[in-house]
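Data first, discussion second: the structure below is written as structure tokens.
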Amino acid sequence: MKKVIAIVGLGLIGGSLAAALRGFEDYEVVGVARRQETLDYAREHGVCDRGTLDAAQALAEADVTFLSTAPSTVVRYLRDYREVFRPGSLVTDVCGIKTAIMKAAQVLPPQVDFIGCHPMAGTEFSGVEHAFAEMFRDSHFLLVPRDDSRPEHIALLERLAAYIGCKDVCRTTA
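Every position in the sequence shown, counted from 1, becomes a number in the working numbering once 4 is added.
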């Protein structure tokens with residue numbers, strides 16, 4: 005059975021991440037969106053393996069969850085879905101700000117691992133219709149582990165960063 009990477013938010017970054025991660029190891033990439041139109045576009049253009057409007061279901065089955073939304077929405081997801089994330093799973097984000105996100109992640113139960121991330125890429129456009137798998141080529145991938153981050157999850161994120169084309173992984177603090 006395939007493992008699952010859930011990507012919450014299929015805008016420019018989330019959509020590009022989903023497209024770049026297709027075929028990664030033995031993972032299925034599941035896109036989570038708020039609008040059916042976004043999922044329809046993602047399906048028609050091969051952005052993810054499958055999509056859903058049901059965030060709770062996707063988070064409950066995910067081995068890895070990327071929160072690819074605005075920082076305030078990431079904070080809300082961490083709070084509102086803290087009991088839904090699959091025990092043993094890795095939760096991460098793609099936000100450029102880290103202090104507020106890392107603080108918000110403290111609400112997660114100890115069996116859910118959170119590691120902050122930020123792939124240093126983007127364009128002046130937004131939306132899934134501008135997503136492209138090559139977005140992260142030659143970019144830096146910032147990794148912000150916590151003191152209790154699991155080594156296997158850090159290693160997974162390092163492999164993932166290499167797979168999407170990042171030139172390096174820079175470990176840092178918030």
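Cβ atoms here follow ideal geometry from the backbone N, Cα and C, with glycine treated the same way.
Buried or exposed (CB count within 10 angstroms, at least 16 for buried), residue i
i: E41; result: exposed
i: L57; result: exposed
i: D44; result: exposed
Residue i versus residue j - alpha carbon distance
i: S130; j: V173; result: 25 Å
i: P155; j: V68; result: 14 Å
i: A165; j: S153; result: 17 Å
i: G19; j: E48; result: 13 Å
i: R150; j: T176; result: 10 Å
i: R54; j: Y85; result: 21 Å
i: I9; j: A22; result: 9 Å
Sequence-distant residues of its chain with Cβ nearer than 7 Å to residue i (five each side left out)
i: P114; result: none
i: M139; result: S20, A24, A125
Coarse secondary structure for residue i, derived from DSSP in three states
i: G131; result: coil
i: F168; result: According to the sequence provided, residue 168 is Ile. The question's Phe does not apply to it. Coil at I168, not helix or strand.
Identity of the residue in the options nearest residue i by Cα
i: A108; options: G15, G27, V78; result: V78
i: A74; options: D53, C99, R86; result: C99
i: C170; options: E32, P91, R141; result: R141
i: E65; options: V34, T127, Y81; result: V34
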